[in-house]
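Numbering follows this note's numbering, in which position 175 of the sequence shown is assigned residue number 161; successive positions increment by one, without gaps.
Just so you know, even glycine gets a beta-carbon here, dropped at the ideal spot from N, CA and C.
Structure first, then comments.
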Amino acid sequence: MISVDSIIAAAEQQTGLPAKLEPAVLEGLNQYVSSLNREAPLTERGWQSVQGTLITNLSNRLRVEAYLAEHPQLLQTPIEKPLFVFGLPRTGTTLVINLLNEDPARRCFRRWESLDSVPPPTTAELSSGPRYEKSQQMTQLSLKYAPQIAAIHYEDADSPTECQFAMSQSFCAQYYEAIAEVPSYRQWFLNADYRPAFQYQKKLLQLLQAQAPGRWTLKNPWHPLFLEDLTQVYPDAQLVMTHRDPVDVVGSCCSLIKHVRAMMSDKVDLRYIGETMMDTFASMVERTLAFKAKHGWDSIYDLHYSAVMRDPIGEIKKVYDHFNEPWTEAAEQAMTAYLANNPKGKFGKHEYSLAEYGLTAAKVRERFADYCDRFAIAVNN
-13 MISVDSIIAA
-3 AEQQTGLPAK
7 LEPAVLEGLN
17 QYVSSLNREA
27 PLTERGWQSV
37 QGTLITNLSN
47 RLRVEAYLAE
57 HPQLLQTPIE
67 KPLFVFGLPR
77 TGTTLVINLL
87 NEDPARRCFR
97 RWESLDSVPP
107 PTTAELSSGP
117 RYEKSQQMTQ
127 LSLKYAPQIA
137 AIHYEDADSP
147 TECQFAMSQS
157 FCAQYYEAIA
167 EVPSYRQWFL
177 NADYRPAFQY
187 QKKLLQLLQA
197 QAPGRWTLKN
207 PWHPLFLEDL
217 TQVYPDAQLV
227 MTHRDPVDVV
237 GSCCSLIKHV
247 RAMMSDKVDL
257 RYIGETMMDT
267 FASMVERTLA
277 FKAKHGWDSI
287 YDLHYSAVMR
297 DPIGEIKKVY
307 DHFNEPWTEA
317 AEQAMTAYLA
327 NNPKGKFGKH
337 EYSLAEYGLT
347 AAKVRERFAD
357 YCDRFAIAVN
367 N
């Protein structure tokens, strides 16, 4: 069992800063801690890990808020035309963001800086310095002791990471459901007002770009759940959605959740994972279609996994053309080099079975038949 008061006290002690938390932040933290205490079948190691995660997230937020209070001029700097890559998980968002990250004109949200944000890094420090090196050491330990996770999804300390590691500092992130079985938090999260999380993210980006500028290029598979909130905070956002055969999506994502939860619990309900992932993905599709119906089909640029696999550089170039962005030789050369140095399966092969989760290919196909038809998604026979 853990308590909100103990999390706040530990973050205050760690940072030496008072926690003056907004109501939305307290709501999310209370919801999660309550759900953990009532529902999560965590091991002792799992409880320690989750508590440490909450303290780390809150501590970074306190440092960010304090730095911005001392440098309020940063909040006047614009975030112009940020590009957001999203889609159902396991649809190629990681490859797409890593290719975009190779463009020298772009600025991605790095793994290490997501939770060690103050002071803002210089451009030279994005891939060097004590904070980067500390994070990279942790990444290497993870590669050694959790190779099954690396085979599914691997990030270096300076790799582009998901927006939700900014959202997690508002305690409104799918990440929290991924690491523990928390049904009541999941229901709250799916129906939460996500604007406060995006507003905090924007402030964090304004801080991080102070000495390391560039066009923000971000990714988070779960953004389809909150597109209206996203575009209220970033009205000129460029939106790119990736698509893949749902049979591969569901199986791969369930496997990732299983391995993550197994690190925190010795009672992982695989059927629950299958049911909830199917329901969440259906909500993501439904909300995406509602957004397109309201704002126009072209309000989101659709990018197909099968096409990206066949011609990654060509498909990325189409994204640039769609948004009238300049395509440079430097970007193309860097993207080509990235592909040569990072072949698929570099960290091992990811194998999974739908049957583990009480699912079949036919059941997934039936649930997402309309999605595949509407988006002309290539499916494996």
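The shortest CA-to-CA distance from W98 to any of L85, E56, P64 and S145 is the one to S145. When only Cα atoms are considered, N43 and I(-7) end up about 10 Å apart. Residues of the same chain with a CB within less than 6 Å of the CB of I83, apart from the 5 flanking positions on each side, are V71, P146 and K205 in chain order. Around the CB of D222, fewer than 16 other CB atoms lie within 10 Å, so the residue is classed as exposed. The shortest CA-to-CA distance from D231 to any of Q126, V271, I363 and H57 is the one to I363. H57 carries a coil assignment under DSSP once its states are collapsed to helix, strand and coil. Looking at the backbone, the Cα of A196 and that of V305 are separated by about 27 Å. Inter-residue distance for P64 and Y287 is about 23 Å (C-alpha atoms, whole angstroms).
Boundaries for H281: no beta strand (DSSP E) harbours it, while the alpha helix (DSSP H) harbouring it runs L256 to H281, taken from the DSSP string. Fewer than three Cβ pairs drawn from the segment 45 to 59 and the segment 272 to 282 lie within less than 8 Å of each other, which leaves the two stretches out of contact.
In the pairwise beta carbon analysis, the segment 248 to 268 is classified as not touching the segment 100 to 109: fewer than three pairs are separated by under 8 Å.
In the structure shown, W208 adopts coil according to DSSP, grouped into three states. Between N328 and the set K244, E88, V246 and A198, the nearest pair of CA atoms involves E88. Cβ contact annotation for A248 (same chain, cutoff 7 Å, sequence separation greater than five): V254, in chain order. Each residue's CA atom was taken as its position, placing L15 and C158 some 8 Å apart. Under the three-state reduction of DSSP, Q0 is assigned to helix. Residue nearest to S292 within the set D234, A341, Y324 and P210 is D234 (criterion: CA-CA distance). Distance from the CA of E311 to the CA of A355, rounded to the nearest whole angstrom, comes to 34 Å. With a cutoff of 8 Å on beta-carbon distance, E163 and E25 are scored as not near each other. As computed with DSSP, P146 is found in a beta bridge with R96. DSSP places V226 outside any alpha helix (DSSP H); the residue lies instead in the beta strand (DSSP E), whose first and last residues are Q224 to H229. Take R49, set aside five residues on each side of it, and the residues of its chain with a beta-carbon closer than 8 Å to its own are T1, L3, S103 and V104, in chain order.
For Y357, no beta strand (DSSP E) run applies; the uninterrupted alpha helix (DSSP H) run containing it begins and ends at A355 to F361, by DSSP. With respect to L256, Y338 sits apart: the two C-beta atoms are not nearer than 8 Å. Proximity of the segment 208 to 228 to the segment 30 to 46 falls short of the contact definition, fewer than three beta-carbon pairs being nearer than 8 Å. T322 and D297 have their C-alpha atoms spaced approximately 11 Å apart.
Secondary structure in the segment 159 to 214: the beta strand (DSSP E) runs of 3 residues or longer, each lying completely within the stretch, are 201 to 205 in chain order. Here DSSP, grouped into helix, strand and coil, assigns F151 to helix.
In the structure shown, Y338 adopts coil according to DSSP, grouped into three states. Here the alpha carbon of P116 sits roughly 36 Å from the alpha carbon of D179.
For G300, the enclosing alpha helix (DSSP H) starts and ends at P298 to H308. Judged by beta-carbon spacing, L74 lies beyond the 8 Å limit of G237, meaning their Cβ atoms are not closer than that value. Contact check for S251 and P27: beta-carbon distance about 5 Å, within the 8 Å limit, so the pair qualifies.
Assignment of G73 by DSSP, reduced to helix, strand and coil, places it in the strand class. Membership of D288 in the beta strand (DSSP E) is indicated by the continuous run Y287 to H290. Linking P207 to C239 through their CA atoms gives a straight-line distance of about 11 Å.
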